[in-house]
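Per the working numbering: the sequence shown ends with 168, consecutive numbering throughout. Below: the structure, in structure tokens.
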Amino acid sequence: MKQSMMLEAAASFWQQCDARERLWLSVGIASIFLAIVYLIFVNPALSNRANLEKKIPQLRLQVAEMAVMSGQYAKIAGEMTADVAPVTREVIESSLQRRGLKAQTLTTADDVVRLQITAASYSNLMEWLLEMQKAARLTVEEIKLTTLTEVGQVSVVLTLKQQKSAF
């Protein structure tokens, strides 16, 4: 009901306007319509295009970095296919001894190593873990660290597992 009344009012207003006023009103309405179309559709597309053109060099650099990383991964994967000798108690004890660490308990079975060290330097322990990860592919399955009263000293209970060839 209201819409029909509004349409009738607009139609009567349009009829009351002379030709020159109708021309100016038409030009104004068309200008407003074109401005709205530009603001909604054209301007966002142009600004997004400009943003993408700015980002293209950065994206190309990222693609190049990913290609380098992919090559490194392929190289490492090739190196990892070689089998590592099974870990033994003697290997673990000798590596601990080289680092000056003493295990209270040490068991090795089925590629799993469990050990307890009552007092060790945290940094020395972490270096030993890295060494064992590289040399024997031992990864930490479970760890329980307890800080001691001396600065930098910890007590640790570790469960390590030897990773077999993953590729």
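The beta carbon of each residue, even a glycine, is placed where N, CA and C say it ideally should be.
Residue from 143, 26 and 113 with nearest C-alpha to residue 165: Out of 143, 26 and 113, the CA that lies nearest to the CA of residue 165 is found in 113.
Opening and closing residue of the beta strand (DSSP E) in which residue 158 lies: 154–163
Residue 13 to residue 4 span [Cα, whole Å]: 14 Å
First and last residue of the uninterrupted alpha helix (DSSP H) at residue 36: 20–38
Residue 137 and residue 118 closer than 7 Å at C-beta: no
Classification of residue 7 by the beta-carbon crowding that lies within 10 angstroms, buried from 16 upward: exposed
Residue 136 (DSSP reduced to helix, strand or coil): helix
Identity of the residues DSSP links to residue 122 by a beta bridge: 154
Cα-Cα separation, residue 143 to residue 161: 7 Å
Through-space distance from residue 69 to residue 156, alpha-carbon basis: 41 Å
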